[in-house]
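Quick note, the sequence shown lines up with residues 202 to 660 if you use this note's numbering.
Glycine included, every Cβ here is placed at the ideal spot set by N, Cα and C.
Please read all numbers here as calculations on a predicted model, not as lab measurements.
In what follows, a single structure is set out as structure tokens and then discussed.
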Amino acid sequence: MTVVDPPTKIPKIGFVSLGCPKALTDSELILTQLSAEGYQTAKTFEGADLVIVNTCGFIDDAVKESLDTIGEALADNGRVIVTGCLGAKAGADGGNLVRQMHPSVLAVTGPHATQEVMDAVHANLPKPHDPFVDLVPAQGIKLTPKHYAYLKISEGCNHRCTFCIIPSMRGDLVSRPIGDVLNEARALFEGGVKELLVISQDTSAYGVDVKYRTGFWNGKPVRTRMLELVQALGDLAEPFGAWVRLHYVYPYPSVDEIIPLMAAGRVLPYLDVPFQHSHPDVLRRMKRPASGEKNLERLQRWREACPELVIRSTFIAGFPGETEKEFSHLLDFVREAQIDRAGCFAYSPVEGAIANGIAPMLPAELREERRARFMEVAEQVSAARLRRRIGATMQVLVDSAPALGRKGGVGRSYADAPEIDGSVQLLPPEKISKTLKVGEFTRARIVGAQGHDLVAVPV
Ligand code: SF4
């Protein structure tokens, strides 16, 4: 039996926010990103692995308060990153004032520098990626560019899937107040984010813990519920021309109400639905949410209402006790459901998971063989669906464009979430005068498909 190491300690960061409301917004952006990547905040300097001080440099008193706070953090903790207005201020010798006064700080940035602060955090306190617990992909931690950001709407989970240890580590679902979530979304859009990725352990359950309580945002009542959240995010994104993408949505009947918003272009017609399996007996053994739902019929209805809908999902092959018949049912499901993007793990007996003891463990080679067979089928389905796009013109968000994209670049369409799906390989633009910029949209004509990617010419 494979023994999986217990999850490593979660890194903790102390945070002090000084200064005006603009500085507070910067703090919110940094804290959002830290939380989405799985860092925790510490209440004391001593209890933290590292401290971030967001400073103010406006008047002498504020400068003194900021420098004193940095000194205190250095004395009590020793590992300090400084950001904010004071970080941009020059000292008497023309060099950086903070570095002059406190040479041992780990990094100094100016205001509005979420990305630089995150880079400094990653360099000094990397968060070990735990594939069984983390919502954000490992790669996302290293290079989340400025133009997309994760928005975490809740923590924990009320389900008890037998293969999962998250509820035992993170507890039951706790939804964040809808006003806080929407304020953060607005700050992210105002900060230049062009794609917001909504994450949680179960996005469709948002608000269940607070009985869909009515919260307040912008002076108006808003229910703490997925439908109202998605409507408000669509409204917020519109003036910025930004995308909203939903992850970890379960196929509950309530999700039916979201599909018209996708058809109307309010949020991306993209759903990340972690099905994990299709056979009713396996789903029961897994104790999956919505396991009694008729998933195939539901997907077909969603696609009728929104033909552009792209479905991404993850699956587990070789779950304890999985028979060949149950596994074939899964392969048929992927073909019939026409899953656009699928990931698959061979079952791995995470220590502490109930599933390890509920049925005989399949040999590791068989689990791996089924994973490979699954991926073969899933890739055929995915490739055929990609080929159907050839000839279409799509909106593409540019992720990389060296030399202003004159020799091409890399982007993504609405059908590709960063890090987990494919991408759009951009050829040099048709018109010599056209340039591409990272974090901006371009229209592109799809001219080919290659593996998980599309190939396109910017027009
Ligand atoms: S829904 Fe299941 S797999 Fe997902 S976090 Fe909750 S218990 Fe774990």
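Asn255 places its beta carbon 8 Å or farther from that of Ser236.
Taking a contact to require three or more Cβ pairs closer than 8 Å, the stretch 636-652 and the stretch 599-616 qualify as touching. Every residue with a CB closer than 6 Å to a heavy atom of the ligand SF4 is listed here in chain order: Cys358, His360, Arg361, Cys362, Cys365, Ile367, Pro368, Gln402, Asp403, Pro490. The stretch 206-268 contains, as complete alpha helix (DSSP H) runs of 4+ residues, the segments 222-237 (chain order). In the structure shown, Ile354 falls within a coil segment according to DSSP collapsed to helix, strand and coil.
Positions of the beta strand (DSSP E) runs, each at least 3 residues long and wholly inside the stretch 457-525, are given as 471-473, 511-518 in order along the chain.
Our two residues, Leu374 and Glu356, have alpha carbons roughly 6 Å apart in a direct line.
Around Asp541, the same chain offers Val511, Ile512, Arg513, Ser583, Arg586, Ala616 as residues with beta carbons nearer than 7 Å, after the five sequence neighbours per side are excluded. Taking each of Gly442, Val535, Ala433 in turn and checking the Cα distance to Phe476, the smallest one comes out for Val535. The alpha helix (DSSP H) runs of length 4 or more contained entirely in the stretch 353-424 are, from start to end of the chain, 367-371, 379-391.
When secondary structure is reduced to three states using DSSP, Leu275 falls in the helix class. DSSP places Gln539 outside both helix and strand once states are collapsed to three, so it counts as coil. Shown here, Val322 sits in a helix according to DSSP, grouped into three states. As the crow flies, the alpha-carbon of His303 is around 12 Å from that of Leu287.
For Leu447, the enclosing beta strand (DSSP E) starts and ends at 444-447. The three-state secondary structure of Ile555, taken from DSSP, is helix. Take the alpha-carbon of Tyr471 and the one of Lys395: they are about 16 Å apart. At a Cβ-Cβ threshold of 8 Å, Arg424 and Gly408 count as neighbours.
Ranked by Cα distance from Leu484, the options Pro521, Ser634, Glu498, Pro461 are led by Pro521. Around the beta-carbon of Asn297, 16 or more other beta-carbon atoms lie within 10 Å, marking it buried. Residue environment analysis places Ser405 among the buried positions, since at least 16 neighbouring C-beta atoms fall within 10 angstroms of its C-beta.
Per the C-alpha coordinates, the member of Ile559, His323, His480, Ala388 positioned closest to Lys526 is His480. Spanning the alpha carbons of Gln651 and Tyr351 requires a straight line of approximately 28 Å. A Cβ-Cβ separation of about 5 Å places Ile231 in contact with Val318 under the 8 Å criterion. Its Cα nearest to that of Arg371, the residue Lys210 stands out among His313, Val474, Lys210.
Shown here, Thr315 sits in a helix according to DSSP, grouped into three states. For Trp418, the CB contacts under 8 Å within the same chain, skipping 5 residues up- and downstream, are Ile379, Gly380, Leu383, Asn384, Ala433 in chain order. By the neighbour-count definition (other C-beta atoms within 10 Å, threshold 16), Ala388 is a buried residue. Beta-bridge pairing by DSSP links Ile621 to no other residue. DSSP places Ala291 in the strand class (E or B) of the three-state scheme. Here Leu655 carries a strand assignment [DSSP, helix/strand/coil]. In this structure, the alpha-carbon of Trp444 lies about 6 Å from that of Leu469. When the five nearest sequence neighbours on each side are left out, the beta carbons in the same chain lying within less than 8 Å of the beta carbon of Ala274 are those of Gly215, Val217, Phe246, Val252, Val254, Val281, in order along the chain. As the crow flies, the alpha-carbon of Cys545 is around 22 Å from that of Val625.
For Val611, the uninterrupted beta strand (DSSP E) run begins and ends at 610-613, by DSSP.
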